[in-house]
Amino acid sequence: MSDKQVGFVGVGRMGIHMAGRLLEAGYAVTIFDTNETAMQRLEQRGAKRAASAADVASQCATVLVSLPTPDIVKSVALGKDGIIEGSKVKTFIDLSTTGPRVAKEVAEGLAKKGITAVDAPVSGGPSGAEKGTLAMMIACPRPLADELRPIIEVLGKFFYIGEAPGLGQTMKVINNLLSATAITITSEAMVMGVKAGLDPSVMLSVINAGSGRNTATEDKFPRCVVPRRFDFGFTTSLLYKDIRLCLEEAEALGVPMIVGNAVRQMMAIGKAAQGPDADITEFVKPIERWAGVEVGKKT
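All residue numbers for the sequence shown refer to the working numbering, where the first residue is 395 and numbers rise by one.
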């Protein structure tokens, strides 16, 4: 990609790190966010402020967005003062998790204005965004994907999923269902072990040396739960949203999700008990209360 000028809309928990990496890689980054503090942090690192998403899209041919919900993505892409009203934009790269149907809707809407949508959800959390180790799931015409590869590889590892809008989103929600399943069942298993008298750190060492290891046992529990930090950086409401999107798509495809629905129910309990803005690693807390123990502390 020869043009080193890009736009970035949505510089929150994930976006601030991704936009920061682009700045460090020598890109001229024009930003917009409704959060003034996030904007100021990136301005101090050399980013240029814009007045709206449309303003970003009037200054940059390539615009990336990282936004929390499908409705916000649709509004920013197609609404008033949105990307669609920009005078220069040609490529819209959506790093958010919207589900495949919204990805298709946004792509169709932008295509009417000659803007190509790239379905590009990411996985790896804020730490992956900061380190540039995200899994980048790219769905768009292959020649465009190859053209964008240099910018994508600043952010993480490039995976070409397919041409049709929505394929990247399908891959992402499947990934997040697996991630949610891991943290759900790990919470139950760790609480059971502590209740029985096992040391949680020893449990994790054994599990991670054996066949039970997963993303929760390898990262979330030793880093966030056992030290009682609960600071992974992803909210319960956002993970619940991703599970819902996955199950809705599975239903539309006629695929039964029996375990997936149980995970959704458990995550709903966690969201109700801890609040929608609770960190996903706090999901263990309701199970701890039911059992009368705490993982990471002596009983």
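We treat Cβ as the ideally placed atom computed from N, Cα and C, and that holds for glycine.
In this text the structure is predicted, and so the values were computed from the model without any measurement.
D671 carries a coil assignment under DSSP once its states are collapsed to helix, strand and coil. By the beta-carbon neighbour count (other beta carbons within 10 angstroms, threshold 16), L416 is buried. As computed with DSSP, S517 is found in a beta bridge with A529. In the structure shown, Q438 adopts coil according to DSSP, grouped into three states. Annotation for T510: T485 place their beta carbon closer than 6 Å to its own, counting only its chain and skipping 5 residues before and after. Residue pairing for G550: DSSP places it in a beta bridge opposite L528. Here I478 carries a helix assignment [DSSP, helix/strand/coil]. Distances from the CA of I532 to each of V470, G664 and L458 were compared; the closest alpha carbon is that of L458. Per DSSP, I425 lies in no alpha helix (DSSP H) segment; the continuous beta strand (DSSP E) that holds it begins and ends at A422 to F426.
Annotated as distal: E682 and V596, with beta-carbon spacing of 8 Å or more. Classified as buried, V689 has 16 or more neighbouring CB atoms from the shown chains inside 10 Å of its CB. Considering only I674, V687 and L633, the residue with the shortest C-alpha distance to D593 is V687.
Between G480 and S452 the beta-carbon gap is near 5 Å, inside 8 Å, which marks them as a contact. Judged by their CB atoms, E499 and K474 are not nearer to each other than the 8 Å cut-off. Distance from the CA of L489 to the CA of G627, rounded to the nearest whole angstrom, comes to 17 Å. DSSP, read as helix, strand or coil, puts R607 in coil. The Cβ neighbour count for L647, taken over all protein chains shown within 10 Å, is under 16; the residue is labelled exposed. Distance check between Q563 and each of R638, N608 and A610 places R638 closest, using alpha-carbon atoms only.
Look at A685 here: in three-state DSSP terms it is helix.
DSSP, read as helix, strand or coil, puts I509 in coil. Beta-bridge annotation (DSSP): I487 is paired with L458 and V512.
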